[in-house]
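This report refers to the structure that appears directly beneath it.
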Amino acid sequence: MKKYTIITINFNNSAELRQTIESVLGQTMKDFEYIVIDGGSTDGSVEVIKDYADHIDYWVSEPDKGVYNAMNKGLGKAHGEYVNFMNSGDTFHSPNVLEEVDRQIGDADILFGNVCNRATGIRYGGIKVDSEVTFLTLKKEILCHQATFYRRTIFERHPYDESLKLIADWKVNVQAIVFDNCKVKVVDTMIARYDLTGMSSTQSQLHAEERQRVMSELFPPRILKDYDRLYTDEEMPVVTLLPELKKRGRVQKIVYALTRLLLKLT
Numbered sequence: 392m393k394k395y396t397i398i399t400i401n402f403n404n405s406a407e408l409r410q411t412i413e414s415v416l417g418q419t420m421k422d423f424e425y426i427v428i429d430g431g432s433t434d435g436s437v438e439v440i441k442d443y444a445d446h447i448d449y450w451v452s453e454p455d456k457g458v459y460n461a462m463n464k465g466l467g468k469a470h471g472e473y474v475n476f477m478n479s480g481d482t483f484h485s486p487n488v489l490e491e492v493d494r495q496i497g498d499a500d501i502l503f504g505n506v507c508n509r510a511t512g513i514r515y516g517g518i519k520v521d522s523e524v525t526f527l528t529l530k531k532e533i534l535c536h537q538a539t540f541y542r543r544t545i546f547e548r549h550p551y552d553e554s555l556k557l558i559a560d561w562k563v564n565v566q567a568i569v570f571d572n573c574k575v576k577v578v579d580t581m582i583a584r585y586d587l588t589g590m591s592s593t594q595s596q597l598h599a600e601e602r603q604r605v606m607s608e609l610f611p612p613r614i615l616k617d618y619d620r621l622y623t624d625e626e627m628p629v630v631t632l633l634p635e636l637k638k639r640g641r642v643q644k645i646v647y648a649l650t651r652l653l654l655k656l657t
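If you're matching positions, the sequence shown starts at 392 in this note's numbering and goes up one per residue.
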């Protein structure tokens, strides 16, 4: 069994699919399997995949019900201990990314790294290295799946919610980190170049609506009310009076601990 599974999702993006495939196959560390799930493309993508077929462990081109359906298909064929999604248009930042990840991942269930804007090379989102990832982190920070490695068994418990269009990956993070208390590691390694023209970076209204829907689904109403009150800075007098406390992240940790306690009591 390979240690890592890299999965690429594609639909009618032949112009950028090739560079994604080459960035995966060009990794200096070879302890990974590679899966490509194409949604029945008609733009020459299949021909691109066939050019690399000898180096791809599994690929298919058939209609799907959306990106998260395609990602679940890929997971159904995965055998690696850890999974990363490097979808069409995104690339690994350098050929030694997997080596760096493997050197640092240890016994983590989830590893978060950094991404940069593919067009500008400027870092996009991310969290501080070695910081504690809490519920507040998941709400406020941008965590891209391109820069994330998940233990595959997480998806056996929490497959992607195919009824969502944009934030099924965020829902998995909440389920795994908040509810399952999975072990998380944050590293200061640039993992991927991110295509910011992708769907989840251009549909902010739907993103907000889906996030609220997921919150309402996962958390009882009373917790949501406390959550909104505690996490709105203007309504946190203790933070206003003690800015240094906020700066050091202690309020975040206290609220996170209280949230977990409330969940156990409900």
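Ideal Cβ positions, reconstructed from N, Cα and C, are used throughout, including at glycine.
Residue burial classification, THR419 (beta-carbon count within 10 angstroms, cutoff 16): exposed
Let's test the definition: count the other Cβ atoms within 10 Å of the Cβ of GLN596 and tell me whether it reaches 16, buried, or not, exposed. exposed
Is the distance from the Cβ of ASP481 to the Cβ of ARG584 below 8 angstroms? Contact: yes.
Does ALA461 pass the burial test, meaning 16 or more other C-beta atoms within 10 Å, or should it be called exposed? buried
Please report the straight-line C-alpha distance between PHE526 and LYS441, rounded to a whole angstrom. Approximately 43 angstroms between the Cα atoms of the pair.
Going by CA-CA distance only, name the one from GLU424, PHE402, PHE610 and LYS530 that's closest to ASP434. PHE402
Go through the region 462-533 residue by residue and report every complete run of the alpha helix (DSSP H) that reaches 4 residues or more, in order. Whole alpha helix (DSSP H) segments, 4+ residues: 488-495 and 526-531.
Beta-bridge pairing of MET581 - partner residues as DSSP gives them: Partner(s): ASN505.
The beta strand (DSSP E) that contains GLU424, what's its start and end? 423-429
Under a three-way DSSP split, which group does GLN410 fall into? helix
Might you give, ordered along the chain, the residues of its own chain that have their beta carbon closer than 7 angstroms to the beta carbon of LYS464, omitting 5 neighbours on each side? ILE428 and ASP455
Among GLU523, ASP571, ASN404 and ILE397, nearest to HIS470 - alpha-carbon criterion: For HIS470, the nearest C-alpha among the options comes from ILE397.
Where ILE397 sits in the DSSP three-state scheme: strand
Residues sharing a beta bridge with THR544, DSSP: According to DSSP, which records beta bridges pairwise, THR544 is partnered with nothing at all.
Residue nearest to TYR473 in terms of C-alpha spacing, selected from SER414, LEU502 and LYS531: LEU502
Stretch pair the region 512-519 + the region 613-620: three plus CB contacts closer than 8 angstroms: no
Rounded to whole angstroms, what is the Cα-Cα separation between ILE582 and GLU491? 9 angstroms
Give the C-beta separation of TYR459 and ALA599 to the nearest angstrom, bearing in mind that I take them to be a contact with Cβ-Cβ under 8 angstroms. Contact doesn't hold; Cβ gap of about 18 angstroms is too wide.
Starting from VAL565, trace the alpha helix (DSSP H) in both directions and tell me its first and last residue. Where VAL565 is concerned, there is no enclosing alpha helix (DSSP H), given that its DSSP letter is neither H nor E.
Own chain residues within Cβ distance below 7 angstroms of LEU609, not counting five before or after: VAL565
Answer with buried or exposed for THR511, where buried requires no fewer than 16 other C-beta atoms within 10 angstroms of its C-beta. exposed
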